[in-house]
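S.K.: Position one of the first sequence corresponds to residue 0 (numbering that gives the first Met the number 0), numbered consecutively onward. Before I ask anything, let me first share the structure, which is written out below as structure tokens.
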Amino acid sequence: MAKEKSSKLKARLPRGLADRGAGDLAATREMLETIRQVYERYGFEALETPFIEYTDALGKFLPDQDRPNEGVFSFQDDDEQWLSLRYDLTAPLARHVAEHFDALPKPFRSYRAGWVFRNEKPGPGRFRQFMQFDADTVGAPTVAADAEICMMMADTLDALGLAGKYVIKVNNRKVLDGVLEAIGLGGEANAGRRLTVLRAIDKFDKVGAAGVRDLLGPGRWENPEAKSGDFTKGAGLDEAQSDVVLSMLRPGGATGIDNAAFAAGAGELAEIGALVEAAGYGERVKIDPSVVRGLEYYTGPVFEAELTFEVTDEKGRPVRFGSVGGGGRYDGLVGRFRSEPVPATGFSIGVSRLASALGYLRDGAATSFGPVVVLVMDRDRVADYMKMTSRLRSAGIRAEMYLGNPKNIGNQMKYADRRNSPCVVIQGSNEREAGEVQIKDLIEGARAAEAITDNAAWREARPAQFSCPETELVDKVREVLARHGIG
RNA sequence: GCAGCUGUAGCUCAGUUGGUUAGAGCGCCGGUCUGUGGAACCGGAGGUCGGUGGUUCGAGCCCACCCAGCUGUACCA
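In structure tokens:
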């Protein structure tokens, strides 16, 4: 008993997770709908798969010898089989397609949105639960499918109001493989070093050409000048090898490399370039040799959508959003389940990150209005107030009767204020006798009251309040809502 | 994982060379207040001072270890 106080549960959320309020939800809903419409227009169809899959269907087959299954939330079923929360939407799609292969039209074009989960260290803009919105074409080997996906991403970002503020970068894993082969890193024995080289290239944006050179060679200190902080082990390439890799990152890319992989990759890139150019997307979709992505399961073209604008956060620090989506061709993924190879290509939008970028862009979150509040002026007439509320609801207007302690009208007004109500409905005995109601426009009232500094005067003035016959309640409320653009 | 920084109320912080019962502002709940949302006044709840051990007559303060958070870095299939 004495310990009761200290044994109270602490209300807290695990790190990397977030509750989302009305404003957030509304913005996300609108955004998802915009994306959905674009995808539909391109002829993709909806699909939903569960949050949970067998662990082996998710990622065990991805040749990730680095850290198998780390970063995935997993648990065992009662038959001891391992299950996991999905960490992306691509692996579940591959499972779905493989499972229903015979019933699906090929190429199969589908899209899906949903939560994915990663058990990784969270950071700014990185959560352990976040939403993705994917579109994939399965069963189409042609690079036209890749080009189409890129163009659709461009159209999607345009539709979201980001025209001119992003670039879709395209590269090809075969080009990278060709370069690596040319410097003697081909073959199974060098898989680990290849990975290190790819990761170094991936950091080009962050550390620059000199940083990449360090990472390709001996390694790099967190603070290069002081040689202090954390040390990242390099790939151990010599100068000549590094030169070749770095030359690839310059505009124009690598030259003088003569092997099959490089030629195939360069050819595909040129083809994609020609397709997007011909369709008028040349400014939005660009070849960029520094894009690596996905490190393991991509087999051909890879894409990345990057926002190119900068904003500052509430503390005045610059915020870079960078990548808000990416994808590529994964010809091996569905084939894990089947004896024949199944080509596939897709793109994934990071909904949560993109939503926060859009939020910054719209300087300040749009306020979402609450319901109309019907005040309780006379405790004995609750039935009448509920009836009024009901009339508003029947007319399609969000409305509620005040359910707290009604003894003080001021408290009811405060409640409505806090709910962001556009207006309140007041009917005391005076109005009742006259067959009227008072409607107070809280939004207009707040605006009108800005000039009033004295609280007594503010009360007296009752700004933006008018009375009307009770029969016109719905129409008048509707007028107030319309004035503020509330549907 | 590694490195640096930081831990006192829901939030922002104060707290003397180690000294009694750890404070403030804001926020929250209630009241003044049964006819009006920005105010005022009054009252209240809320703390194992991140944890454990140590030094000391005495620790929020000093020491050791641990934990958590933040930032960077690595990883991100």
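A virtual CB, placed ideally from N, CA and C, is assigned to each residue, including glycine.
Terminal residues of the continuous beta strand (DSSP E) containing Asn170?
M.R.: Numbered from its first residue, the first sequence carries residue 170 at position 171. Counting along the chain, the beta strand (DSSP E) containing Asn170 begins and ends at 165 to 171.
S.K.: Can you tell me the Cα-Cα spacing of Asn171 and Ile148, whole angstroms?
M.R.: Residue mapping note: residue 171 aligns to position 172 of the first sequence, counting from 1. Residue mapping note: residue 148 aligns to position 149 of the first sequence, counting from 1. Rounded to the nearest angstrom, the two C-alpha atoms are 15 Å apart.
S.K.: To the nearest angstrom, report how far apart Arg111 and Gly325 are at their CA atoms.
M.R.: What you label residue 111 is simply residue 112 of the first sequence in a count that begins at 1. What you label residue 325 is simply residue 326 of the first sequence in a count that begins at 1. Taking the straight line from one Cα to the other gives about 15 Å.
S.K.: Can you tell me where the beta strand (DSSP E) holding Gly207 begins and where it ends?
M.R.: For the purposes of this step, residue 207 is taken as residue 208 along the first sequence, with counting starting at 1. Run containing Gly207: none in the beta strand (DSSP E); it sits in the alpha helix (DSSP H), 203 to 215.
S.K.: Going by beta carbon distance, what residues of the same chain come within less than 8 Å of Asn258, once the five residues before and after it are set aside?
M.R.: If you number the first sequence from 1, residue 258 lands on position 259. Excluding residues within five positions, the ones whose Cβ falls inside 8 Å are Gly177, Glu180, Ala181.
S.K.: On the DSSP bridge list, what partners appear for Gln437?
M.R.: Within the first sequence, numbered from 1, the residue matching residue 437 stands at position 438. For Gln437, which the question treats as bridged, DSSP gives the partners Ile425, Ser466.
S.K.: Ile271 by DSSP, collapsed to three states: which one?
M.R.: Counting from one through the first sequence, the residue named residue 271 turns up at place 272. Reduced to three states, the DSSP call for Ile271 is helix.
S.K.: Which partner residues does Ile51 have in the DSSP bridge list?
M.R.: As a position in the first sequence, residue 51 is number 52, starting the count at 1. Leu84, per the DSSP bridge assignment.
S.K.: Using DSSP with H/G/I as helix, E/B as strand and the rest coil, what is His483?
M.R.: Sequence index remark: in the first sequence, residue 483 carries index 484 (1-based). The answer is coil: DSSP assigns His483 none of H, G, I, E or B.
S.K.: From what residue to what residue does the alpha helix (DSSP H) around Thr136 run?
M.R.: Taking the first sequence and counting its residues from 1, one reaches residue 136 at position 137. Careful: Thr136 lies outside any alpha helix (DSSP H), inside the beta strand (DSSP E) at 128 to 137.
S.K.: Which residue marks the beginning of the beta strand (DSSP E) containing Leu306, and which one marks its end?
M.R.: As a first step, residue 306 is located in the first sequence; it is residue number 307 there, counting from the start. Note, Leu306: beta strand (DSSP E), 300 to 306.
S.K.: In this structure, how does DSSP classify Val142 when only helix, strand and coil are distinguished?
M.R.: Here the question's residue 142 lines up with position 143 in the first sequence. In this structure, Val142 counts as helix in the three-state DSSP scheme.
S.K.: If you count every other CB in all the chains shown that lies within 10 Å of the CB of Tyr280, and 16 or more means buried, which is it?
M.R.: On the first sequence, position 281 is the one that residue 280 refers to. Tyr280 comes out buried.
S.K.: Looking at Ala90 and Ala56, is the spacing between their C-beta atoms short of 9 Å?
M.R.: The residue labelled residue 56 in the question sits at position 57 within the first sequence. The residue labelled residue 90 in the question sits at position 91 within the first sequence. In contact: Ala56 and Ala90 (Cβ atoms closer than 9 Å).
S.K.: Would you call the stretch 341 to 354 and the stretch 134 to 143 touching, i.e. three or more CB-CB distances under 8 Å?
M.R.: Yes, they touch.
S.K.: Given that a residue counts as buried once 16 or more other Cβ atoms are within 10 Å of its Cβ, and exposed if not, what is Leu24?
M.R.: Walking along the first sequence from the start, residue 24 turns up at place 25. Within 10 angstroms of the beta-carbon of Leu24 lie fewer than 16 other beta-carbons, which makes it exposed.
S.K.: Can you tell me the Cα-Cα spacing of Leu215 and Val206, whole angstroms?
M.R.: Sequence index remark: in the first sequence, residue 215 carries index 216 (1-based). Sequence index remark: in the first sequence, residue 206 carries index 207 (1-based). Roughly 12 Å separates the two Cα atoms.
S.K.: Near Ala146, what residues of its chain come up, given a Cβ to Cβ distance below 7 Å and the 5 sequence neighbours on each side ignored?
M.R.: Residue 146 sits at position 147 when you count from the first residue of the first sequence. Ile271, Leu274, Val275, listed in sequence order.
S.K.: Output needed for Gly160: all residues of its chain with C-beta closer than 8 Å, excluding positions within five of it in sequence on either side, in chain order.
M.R.: What you label residue 160 is simply residue 161 of the first sequence in a count that begins at 1. Taken in chain order, the residues that qualify are Leu357, Leu360.
S.K.: By alpha-carbon positions, which one of Phe50, Lys439, Phe129 ends up nearest to His95?
M.R.: If you number the first sequence from 1, residue 95 lands on position 96. His95 has its Cα closest to that of Phe50, out of Phe50, Lys439, Phe129.
S.K.: Quick one, which of Ala433, Ala481, Asp377 has its alpha-carbon nearest Asn407's?
M.R.: Translated into the one-based positions of the first sequence, residue 407 becomes position 408. With distances taken between Cα atoms, Asn407 lies closest to Asp377.
S.K.: Buried or exposed, going by whether 16 or more other CB atoms sit within 10 Å of the CB of Tyr53?
M.R.: Here residue 53 corresponds to residue number 54 of the first sequence, with the count starting at 1. So Tyr53 ends up on the exposed side.
S.K.: Excluding sequence positions up to five away, which residues of its chain have a Cβ less than 6 Å from the Cβ of Leu472?
M.R.: Along the first sequence, one-based indexing puts residue 472 at 473. So the qualifying residues of the chain are Val436.
S.K.: Using DSSP with H/G/I as helix, E/B as strand and the rest coil, what is Arg117?
M.R.: As a first step, residue 117 is located in the first sequence; it is residue number 118 there, counting from the start. Arg117: coil per DSSP, three-state reduction.
S.K.: Using DSSP's beta-bridge definition, name the partner residues of Ser355.
M.R.: Your numbering for residue 355 matches position 356 in the first sequence. DSSP output for Ser355 lists no bridge partner at all.
S.K.: Whole-angstrom Cβ separation of Val375 and Met400, contact assumed at under 8 Å?
M.R.: Counting from one through the first sequence, the residue named residue 375 turns up at place 376. Counting from one through the first sequence, the residue named residue 400 turns up at place 401. At roughly 7 Å, the Cβ-Cβ gap stays under 8 Å, so Val375 and Met400 are in contact.
S.K.: Is Arg108 helix, strand or coil by DSSP?
M.R.: Mapped onto the first sequence, residue 108 falls at position 109. DSSP places Arg108 in the strand class (E or B) of the three-state scheme.
S.K.: Got a sec? Which residues, its chain only, sit under 6 Å from Phe368 by beta carbon, not counting five neighbours each side?
M.R.: Here residue 368 refers to the residue found at position 369 when the first sequence is read from its first residue. Exclusion of the five residues before and after Phe368 leaves Asn419, Pro421, Ile485 as the residues of its chain whose Cβ lies within less than 6 Å of its Cβ.
S.K.: Quick one: what does DSSP say Phe320 is sitting in, helix, strand or coil?
M.R.: Here residue 320 refers to the residue found at position 321 when the first sequence is read from its first residue. It is coil, neither helix nor strand.
S.K.: Ignore the nearest five residues each way along the sequence and tell me which others in Phe261's own chain have a CB closer than 8 Å to its CB.
M.R.: In the first sequence, the residue the question calls residue 261 occupies position 262. Contacts found: Lys173, Val174, Asp176, Gly177, Val178, Glu180, Ala181, Ala253.
S.K.: Using the Cα positions of Met0 and Phe126, report the straight-line distance between them to the nearest angstrom.
M.R.: Stepping through the first sequence from its first residue, residue 0 is reached at position 1. Stepping through the first sequence from its first residue, residue 126 is reached at position 127. Model confidence at Met0 stands at a pLDDT of 31, short of 50, so the residue's coordinates are unreliable; what they give is reported in the following sentence. If you take the alpha carbons of Met0 and Phe126, they lie about 39 Å apart.
S.K.: Give the single residue among Val37, Asn454, Ser355 whose Cα lies nearest to the Cα of Leu306.
M.R.: As a working note, residue 306 is residue 307 in the first sequence. A check of alpha carbon separations from Leu306 across Val37, Asn454, Ser355 identifies Ser355 as the nearest.
S.K.: With a threshold of 7 Å on Cβ separation, who are the neighbours of Gly218 within its own chain once the five nearest residues in sequence on each side are excluded?
M.R.: What you label residue 218 is simply residue 219 of the first sequence in a count that begins at 1. Correct list, in chain order: Phe230, Thr231, Lys232, Gly233.
S.K.: Can you find a heavy atom of the ligand MG that lies under 8 Å from the Cβ of Asp453?
M.R.: The model on display carries no ligand, and the ligand MG is accordingly not part of it.
S.K.: Classify Gly264: buried if its beta carbon has 16 or more other beta carbons within 10 angstroms, exposed otherwise.
M.R.: Translated into the one-based positions of the first sequence, residue 264 becomes position 265. So Gly264 counts as buried.
S.K.: So, with DSSP's three-state summary, where would you put Glu295?
M.R.: Within the first sequence, residue 295 is the residue found at index 296, counting from 1. Coil.
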